[in-house]
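Chemist: Chains as they are written, first to last, in this note's numbering: chain A, 32 to 355; chain B, 20 to 412; chain C, 185 to 569.
Take this structure first; my questions come after.
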Amino acid sequence: MWTLAAEFQFSWLWVAEVLVGVALYAMLAASLNLVTGFGGMFSLGHHGFFAVGAYAAGWMASLAASVEPGSAAGWAVFAASAVFAVAASAAAGLLVGLPCLRLRGDYLAIATLAFGEIVRIVIQNTPALGGSLELNVPRLVMRPRGLAEVESFRELFLVVGVAALAVVLVVIRNIVRSAHGRAVVSVREDEIASELLGVPTTRYKVRAFVLGAAFAGLAGWYYAHYTGSIAPANFDMLVGIKILLIVVLGGLGSLTGTVLAAAVLVGLERLLQSGVFGEDLKRWMQVEYALILILVMLLRPHGLLGRFELGDLFRRRARGGRAA
Amino acid sequence: MSPRLRLLLQALPALALGYVVVRMLVGDVGGGTTLLDYLSIGVTQGAIYAFVALGYTMVYGIIRLINFAHGEFFMAGAFAGYFVLRDAGIERWALPQPWPVLLAYLAALLAAALVAGTLALVAEAACYRPIRKAGRVAALLTAVGLSLLLQNLARQWPAIGPTQRPWPAPRMWAAADEVPSPADAHYYELKTFTSPTGERVEREKPVVFKGATMTPAVRQRLAAEGGRNVFRKGELSRTVVDRSIVLMLAAAAVGLWFLVQRTRTGKAMRAVSEDMAAARLMGVNVDRVIAATFFLGAFLAGLGGVAYCAKYGQVDPLTGFMPGLKAFIAAVLGGIGSIPGAVVGGLFLGVSENLFAAEVSTEWKDVLAFVLLVVVLLLKPTGLMGRPYREKV
Amino acid sequence: MRRSLRAATVAVLALLGGVATPARAADDPLVVGVVLPMSGDNATFGQESWNGLQIAAKELEGKDPSFAFKLVLSDEQSKREQVAPQTKQLIENNGASIVVGSVASSNTMQAAVVCKEAGIPLLTPASTNDKLTAETEKYGEDVFRVCFKDSFQGTMLGRFAWKTLHAKKAVALVDKGQAYSVGLSEQFTREFTALGGKVETEYYTSADKDYTTLVQKVGGMKPEVILISGYYPQAGPMIKLSKDAWKGVPIIGGDGLDSPDLLPLAGETDAQVYFTSHFVASDEDPVVQGFVKKYQEAYAGADPGAMAALGYDAMYAVYEAAKKARAAAGGGKPTPKQLSAALRGLEFTGVTGKIVIGPDRTPRKAVVIVKASGAFQFFEKIQPE
Chain A
32 MWTLAAEFQF SWLWVAEVLV GVALYAMLAA SLNLVTGFGG MFSLGHHGFF
82 AVGAYAAGWM ASLAASVEPG SAAGWAVFAA SAVFAVAASA AAGLLVGLPC
132 LRLRGDYLAI ATLAFGEIVR IVIQNTPALG GSLELNVPRL VMRPRGLAEV
182 ESFRELFLVV GVAALAVVLV VIRNIVRSAH GRAVVSVRED EIASELLGVP
232 TTRYKVRAFV LGAAFAGLAG WYYAHYTGSI APANFDMLVG IKILLIVVLG
282 GLGSLTGTVL AAAVLVGLER LLQSGVFGED LKRWMQVEYA LILILVMLLR
332 PHGLLGRFEL GDLFRRRARG GRAA
Chain B
20 MSPRLRLLLQ ALPALALGYV VVRMLVGDVG GGTTLLDYLS IGVTQGAIYA
70 FVALGYTMVY GIIRLINFAH GEFFMAGAFA GYFVLRDAGI ERWALPQPWP
120 VLLAYLAALL AAALVAGTLA LVAEAACYRP IRKAGRVAAL LTAVGLSLLL
170 QNLARQWPAI GPTQRPWPAP RMWAAADEVP SPADAHYYEL KTFTSPTGER
220 VEREKPVVFK GATMTPAVRQ RLAAEGGRNV FRKGELSRTV VDRSIVLMLA
270 AAAVGLWFLV QRTRTGKAMR AVSEDMAAAR LMGVNVDRVI AATFFLGAFL
320 AGLGGVAYCA KYGQVDPLTG FMPGLKAFIA AVLGGIGSIP GAVVGGLFLG
370 VSENLFAAEV STEWKDVLAF VLLVVVLLLK PTGLMGRPYR EKV
Chain C
185 MRRSLRAATV AVLALLGGVA TPARAADDPL VVGVVLPMSG DNATFGQESW
235 NGLQIAAKEL EGKDPSFAFK LVLSDEQSKR EQVAPQTKQL IENNGASIVV
285 GSVASSNTMQ AAVVCKEAGI PLLTPASTND KLTAETEKYG EDVFRVCFKD
335 SFQGTMLGRF AWKTLHAKKA VALVDKGQAY SVGLSEQFTR EFTALGGKVE
385 TEYYTSADKD YTTLVQKVGG MKPEVILISG YYPQAGPMIK LSKDAWKGVP
435 IIGGDGLDSP DLLPLAGETD AQVYFTSHFV ASDEDPVVQG FVKKYQEAYA
485 GADPGAMAAL GYDAMYAVYE AAKKARAAAG GGKPTPKQLS AALRGLEFTG
535 VTGKIVIGPD RTPRKAVVIV KASGAFQFFE KIQPE
């Protein structure tokens, strides 16, 4: 007896993996939201910074392949690779941002898209990074053997991911609420007017862009250490599109919306993939995913929450119908 | 950007051009091929890019949408052409009599263009029109979604399926007893197999291997196996395919120019592109003009799809991805929104890619397109033939 | 607290999906997870392997009623990034005790990384890259195969080009994105240069479909033999485009060319194409012919390719290992660890030859040289020394 469709058993392992994916994409989308949602810069190349961070972290870890996993040295390299990944992708952000941010609208989007592809092709042709083949990222904090240990490993990374996401969200929120952030938002609202009012628009745009790139690098670090093996194919254009989709779905400029959208989208994707809705739906998964994307855009082009945060909705409800 | 850097960037193309000219004069680059050969390969490939780039540029010019699904219109056209050619039984026709082959190709091109165009009309009405006012990011994501949808629908559609198929080529057919003996050839027979997915597929099964000659013994064996369907294969030569592609592009470009510059529809298109609100106030039916633009762009993409697949000999649901991406780059290089720009950009990209691969490296070929893109965007964001950028305040 | 939270999440999700019937001990079959490219670029590889697996499974079902097993297939779509999540799902959600797959070496490597950490043995029917079993740091100690390695295949290709084709100068076409392509060309180059030949290398990518310039350029290098180190979806169109530029130059390749789609994609050609493989249906060996007959009966007259034969052998390897492990486990369902131990040193006779899984977890087997001209013809069989 054999079957194409085997019963899918939900397990904590599976749930943990989905949650790790949610944390990862929430981090990526929050960092892009800083650039696109608050800064108004349309970027299609965010996966490029994700790749730079992942490869920076992976490369550093591969130098420390002999370190005992879980030892103090292992944790030290783990932390150091985060700093290195953030620095590397911030540098890449500066390199791309300085010349490209003079471009406006679609031209910026095209230039960033080209950047994302160039990063991928350069990695493909760099033997030290594994070329087109994978780069193995040695386990630094724990080396799982057997399913029970895989489970604890996943839990550990879930904690790390949630912590990293919290850091990213808090920092972005504080920036947006600072004078700096208001300047960034003013650039989004009307670049020419802000310039006339004396806001150094390019400088603020570059800062927001570099910061967004740095956070994408942090997500890259997280991803590299979680999967243990990265390849250029993991950073193709569709990843950039998916990040942008989460940002739009969550609402440009809404951080809680971003997290919510990441949960909805990643969860939905994994549920379809798992085949719990039947084998037919699993086979047609890619079609359904694309259909949902189109429908969401048609029905809620400004995202689930628009520019509001989850908290705003509750507050509005509390105030009763007066706000409406 | 510092003036010195700008000067350096501007000097690069001139240096590259000079180098190419010198190399061409020197001639042979190895083994009897000259750089001119690569130039002609590049022109053909560039012509295909240009076909697709025209659609990108027209749609962008009119509603400022980067239509990521354009590559899928190309793919749909290619499949329409594939089915027409296959069902017309082009494999049964002998090449020495070119008329049926030519007719089948014309029918395939027409079907491809119409299917792609119709698909674009449907897509425009169902997806792009409702989202037109919702902002550029939402429209762009809708286009990406549509691209994914069409790709994956094609993969799942039983008649198309996820694997690549060989492009039907004209064959020379003969019944077993009509082959003169002795004659050298590959002999095949059409047999129906059940594929692993349960689909019935017709596939040729070799009955006599290469090098065998038609002897009375072989003929007897073929007859015993019911070999009425024995055929030997022939093919369109590459130069014929290449020349027809370039000619087709020239005809399409001239036709398009005439349409845009000399007809009422063209005038309306230009008006909408200039200022949609004003055009509407002047009584132009904006929706219809936009639909017509989509149709025309996809029509050309369909033609490009057949040309591309006939040239490279296979078709699959992802056929549109790479040419779509490259054509998009070509459109931006030439100046997105500009029709002559799309042609120039396509040819420029095709030629430079192939010369680069031939002279420098096949490894780094794919990065060239993107580097060119960035350089052009930084030097002249509106592209080689684009109009200067002005911002409405 | 944590445990109850977990249980609650899982229960909610289970209700949502409407499944989660706990498996009864009585019918607790050995789950064999199969990850193969059933669609996408390398689809014929996956489809043929799956056909072979199924033929073997059907035979085994009747043969040994005490051995309950279940095959669960997952389609990796010829996409590398699909392999790891699908392998995880096979192990974690379908309860696979052993994973069989995949075909392209780069994809199998992704599965190996997952299997290593989960402690599940991986048996690949057709991935020939040496690193899979050599780099235990990356891929663990539990990767097995029923095919030979590229170091053997590449060496034989080098010798064939030098001795049989009398070539002195070769050009190798390599796809840097495929571990198989890189590894095979390296092994070929080592042997061919050791014999006194010269090898130049050019690169292509599978994303590209236009190889006109590449083919022209290679033709200009005046090689005496051309190695297409890669898979049939790229090799077929290259052969098609090479009609003028490579006139009279023999083309060679590895088992990546062994697909029923190669010749249709290559179109009408006079090219002499040879490739190394594991099996060819026109081999007159009675074992081979017996399998060909079975396959033709099951699949409406189609000839099996090497992947079908390897799939068949892989299923038998799983069965033999399970039998051995069951004896060690005292008749119960063997654990992944026991399966892995049983695969070490396993011996049986398959349709691709006698399979003895050696210390490098790879059998030493004969390589078949196939001439692809109109059809796949048996050319030569070389036994390992």
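All C-beta atoms in this analysis are idealised placements derived from N, C-alpha and C, irrespective of residue type, glycine included.
May I have a chain-ordered list of the alpha helix (DSSP H) segments no shorter than 4 residues that lie completely inside the stretch 185-250 of chain A?
Modeler: 210-220 and 222-227
Chemist: Applying the criterion that 16 or more other CB atoms from any shown protein chain within 10 Å of the CB defines a buried residue, is V198(A) buried or exposed?
Modeler: Position 167 of the first sequence, counted from the first residue, corresponds to residue 198(A). So V198(A) counts as exposed.
Chemist: Can you tell me whether G154(B) is buried or exposed? The criterion is at least 16 other CB atoms within 10 Å of its CB, across all chains shown.
Modeler: As a working mapping, residue 154(B) is identified with position 135 in the second sequence. Here G154(B) is exposed: its Cβ has fewer than 16 other Cβ atoms, across all protein chains shown, within 10 Å.
Chemist: By the three-class DSSP mapping on this structure, what secondary structure does A509(C) have?
Modeler: Translated into positions along the third sequence, residue 509(C) becomes position 325. Three-state DSSP puts A509(C) in a helix.
Chemist: Considering L379(C), what are the terminal residues of the alpha helix (DSSP H) in which it resides?
Modeler: The count along the third sequence starts at 1 and reaches residue 379(C) at position 195. No alpha helix (DSSP H) contains L379(C), which DSSP labels as neither H nor E.
Chemist: Taking the beta strand (DSSP E) that S163(A) belongs to, which residues open and close that run?
Modeler: Your numbering for residue 163(A) matches position 132 in the first sequence. Unbroken run through S163(A): none, as it is neither H nor E.
Chemist: DSSP on D259(C), reduced to helix/strand/coil?
Modeler: Against the third sequence, residue 259(C) aligns to sequence position 75. Note: D259(C) maps to strand in three-state DSSP.
Chemist: What ranges does the alpha helix (DSSP H) occupy inside the stretch 319-396 of chain B, keeping only unbroken runs of at least 4 residues that lie completely in it?
Modeler: 340-353 and 358-378
Chemist: With a threshold of 16 other CB atoms inside 10 Å of the CB of Q155(A), please say whether the residue is buried or exposed.
Modeler: Along the first sequence, read from residue 1 onward, the residue named residue 155(A) stands at position 124. The residue in question, Q155(A), is buried, as its Cβ has 16 or more Cβ neighbours within 10 Å.
Chemist: Can you confirm whether Q231(C), when its beta carbon is compared against all beta carbons of chain A, has any partner nearer than 8 Å?
Modeler: By 1-based counting over the third sequence, the position of residue 231(C) is 47. For Q231(C), the nearest beta carbon of chain A is not closer than 8 Å to its own beta carbon.
Chemist: What residue range does the beta strand (DSSP E) around D225(C) cover?
Modeler: Looking up residue 225(C) in the third sequence gives position 41. It is not in any beta strand (DSSP E) - D225(C) carries neither H nor E in the DSSP assignment.
Chemist: Which residue or residues does DSSP assign as beta-bridge partners of K254(C)?
Modeler: As a position in the third sequence, residue 254(C) is number 70, starting the count at 1. Looking at the DSSP assignment, K254(C) forms a beta bridge with V215(C).
Chemist: May I ask which residues mark the beginning and end of the beta strand (DSSP E) holding R83(B)?
Modeler: If you number the second sequence from 1, residue 83(B) lands on position 64. The continuous stretches of beta strand (DSSP E) do not include R83(B), and DSSP gives it neither H nor E.
Chemist: At least one CB of chain B closer than 8 Å to the CB of G451(C): is that the case?
Modeler: To locate residue 451(C), count along the third sequence from 1; it is residue 267. So yes, G451(C) belongs to the interface.
Chemist: For R289(B), decide whether its Cβ has a neighbour in chain A, counting only Cβ atoms nearer than 8 Å.
Modeler: In the second sequence, counting from the first residue as 1, residue 289(B) sits at position 270. Chain A, which has no Cβ nearer than 8 Å to the Cβ of R289(B), makes this no.
Chemist: How should V141(B) be labelled, buried or exposed, when 16 other C-beta atoms within 10 angstroms of its C-beta is the threshold for buried?
Modeler: Locating residue 141(B) in the second sequence gives position 122, where the first residue counts as 1. Exposed: under 16 other Cβ atoms inside 10 Å.
Chemist: For chain A, find out if any of its Cβ atoms is closer than 8 Å to the Cβ of R148(B); answer yes or no.
Modeler: Looking up residue 148(B) in the second sequence gives position 129. False, the Cβ-Cβ gap to chain A never drops below 8 Å.
Chemist: Give a yes or no on whether the C-beta atoms belonging to G61(B) and V370(B) are separated by under 8 Å.
Modeler: The residue you call residue 61(B) lines up with position 42 of the second sequence. The residue you call residue 370(B) lines up with position 351 of the second sequence. Result yes, Cβ atoms of G61(B) and V370(B) sit closer than 8 Å.
Chemist: Please confirm if the stretch 115-129 of chain A is in contact with the stretch 280-296 of chain A, defined as three or more CB-CB distances below 8 Å between the two stretches.
Modeler: no
Chemist: Along chain B, in chain order, which residues have C-beta atoms closer than 9 Å to that of Y56(A)?
Modeler: Taking the first sequence and counting its residues from 1, the one referred to as residue 56(A) is at position 25. Neighbours of Y56(A) on chain B: none; closest Cβ ~15 Å, over 9 Å.
Chemist: What residues in the stretch 144-169 of chain A bring their beta carbon closer than 7 Å to a beta carbon of chain C?
Modeler: Q155, G162, S163, L164, E165 and N167
Chemist: At what residues does the alpha helix (DSSP H) containing F109(A) begin and finish?
Modeler: Working through the first sequence from its first residue, we reach residue 109(A) at position 78. Unbroken alpha helix (DSSP H) run through F109(A): A103 to C131.
Chemist: With DSSP collapsed to three states, give me the class of W33(A).
Modeler: As a first step, residue 33(A) is located in the first sequence; it is residue number 2 there, counting from the start. Confidence is the limiting factor: at W33(A) the pLDDT is only 36, short of 50, which leaves the residue's position unreliable, though a coordinate-based value still follows. Correct three-state label for W33(A): coil.
Chemist: With H, G and I counted as helix, E and B as strand and the rest as coil, what does DSSP make of T205(C)?
Modeler: Here residue 205(C) refers to the residue found at position 21 when the third sequence is read from its first residue. Annotation note: pLDDT 40 at T205(C) (below 50); position unreliable, no value reported.
Chemist: Does the distance from the CB of R174(B) to the CB of Q333(B) come in under 8 Å?
Modeler: If you number the second sequence from 1, residue 174(B) lands on position 155. If you number the second sequence from 1, residue 333(B) lands on position 314. Against a cut-off of 8 Å, the Cβ pair of Q333(B) and R174(B) comes out as no contact.
Chemist: State buried or exposed for P206(C), treating a residue as buried only when at least 16 other CB atoms are found within 10 Å of its CB.
Modeler: Here residue 206(C) refers to the residue found at position 22 when the third sequence is read from its first residue. Only weak support exists for where P206(C) lies, its pLDDT of 39 falling under 50; the value from the coordinates is given anyway. When all chains shown are included, P206(C) counts as exposed.
Chemist: Does the beta carbon of Q522(C) come closer than 8 Å to any beta carbon on chain A?
Modeler: Counting from 1 along the third sequence, the entry for residue 522(C) is found at position 338. Not one chain A Cβ lies under 8 Å of Q522(C).
Chemist: Going by beta carbon distance, what residues of the same chain come within less than 6 Å of R162(B), once the five residues before and after it are set aside?
Modeler: Working through the second sequence from its first residue, we reach residue 162(B) at position 143. Note on residue identity: the sequence assigns Ala, not Arg, to residue 162(B). Closer than 6 Å at Cβ, skipping near neighbours: N86, F87 and A88.
Chemist: Name the residue from L34(B), L54(B) and A69(B) whose alpha carbon lies nearest to the alpha carbon of A346(B).
Modeler: The sequence position of residue 346(B) within the second sequence is 327, counting from 1. When only C-alpha atoms are compared, the closest one is A69(B).
Chemist: Classify Y483(C) as helix, strand or coil using the three-state DSSP reduction.
Modeler: Here the question's residue 483(C) lines up with position 299 in the third sequence. If DSSP states are grouped into helix, strand and coil, Y483(C) belongs with coil.
Chemist: Please state whether DSSP places R329(C) in a helix, a strand or coil.
Modeler: For the purposes of this step, residue 329(C) is taken as residue 145 along the third sequence, with counting starting at 1. Strand.
Chemist: Since F146(A) and V270(A) are thought to touch, with beta carbons under 8 Å apart, how far apart are those beta carbons, to the nearest angstrom?
Modeler: Within the first sequence, numbered from 1, the residue matching residue 146(A) stands at position 115. Within the first sequence, numbered from 1, the residue matching residue 270(A) stands at position 239. Actually they do not touch by this definition, with Cβ atoms about 14 Å apart.
Chemist: Express the C-alpha separation of G438(C) and G414(C) in angstroms, rounding to a whole number.
Modeler: Stepping through the third sequence from its first residue, residue 414(C) is reached at position 230. Stepping through the third sequence from its first residue, residue 438(C) is reached at position 254. Straight-line Cα distance between these residues: approximately 7 Å.
Chemist: L134(A) touches chain B at which residues, Cβ-Cβ below 7 Å?
Modeler: Numbered from its first residue, the first sequence carries residue 134(A) at position 103. In chain order: L396 and P400.
Chemist: Can you find a C-beta in chain A that's less than 8 Å from the C-beta of M499(C)?
Modeler: Within the third sequence, the letter at position 315 stands for residue 499(C). Chain A contact via Cβ: absent.
Chemist: Alpha carbon to alpha carbon, how far is V457(C) from K555(C)?
Modeler: To locate residue 457(C), count along the third sequence from 1; it is residue 273. To locate residue 555(C), count along the third sequence from 1; it is residue 371. Distance from the CA atom of V457(C) to the CA atom of K555(C), rounded to whole angstroms, is 6 Å.
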